[in-house]
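The sequence shown begins at 1 in full-length UniProt numbering and counts up one residue at a time.
From the three backbone atoms N, C-alpha and C, an ideal C-beta is built for every residue, glycine too.
These numbers come from a predicted model, not from an experiment.
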Amino acid sequence: VDATAESDKLGRLVNHSRNGNLIARVVEVDTIPHLVLTAKEDIPIGVEVTYDYGDRSRESIRNHPWLAL
């Protein structure tokens, strides 16, 4: 994740893993959908938080091989 660009979007700080310790869910607040990341189980202090970006397209994997990891 390129977290160098300043933004108030904290998701930019969460890296990809096919076996991530977070799961993405959509939650509506006042009829507006928001992506919420929740822990699959308790995450110990100091452990990196990750989730599966879910992109399996050939083009994406060709351009970003780390998506296959």
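1) So which of Thr50, Pro65, Glu48, Val49 has the shortest CA-CA distance to Arg56?
2) Can Leu67 and Ser60 be called in contact, C-beta distance under 7 Å?
3) Evaluate Gly20 with the Cβ neighbour count: other Cβ atoms within 10 Å of its Cβ, from every protein chain shown; 16 or more gives buried, anything less gives exposed.
4) By how many angstroms is the C-alpha of Ile23 removed from the C-alpha of Pro33?
5) Would you mind listing the alpha helix (DSSP H) stretches within the region 8-52 that are 4+ residues and don't spill past its ends, in chain order?
6) Compute the Euclidean distance between the alpha carbons of Val27 and Val36, then round it to the nearest angstrom.
The structure says:
1) Residue Pro65 holds the alpha-carbon nearest to the alpha-carbon of Arg56 among Thr50, Pro65, Glu48, Val49.
2) Taking C-beta atoms as the reference points, Leu67 and Ser60 count as a pair closer than 7 Å.
3) In this structure Gly20 is buried. Its beta-carbon is surrounded by 16 or more other beta-carbon atoms within 10 angstroms.
4) Cα-Cα distance, rounded: 16 Å.
5) Complete alpha helix (DSSP H) runs here, min 4: none at all.
6) The straight-line gap separating the alpha-carbon atoms of Val27 and Val36 is approximately 7 Å.
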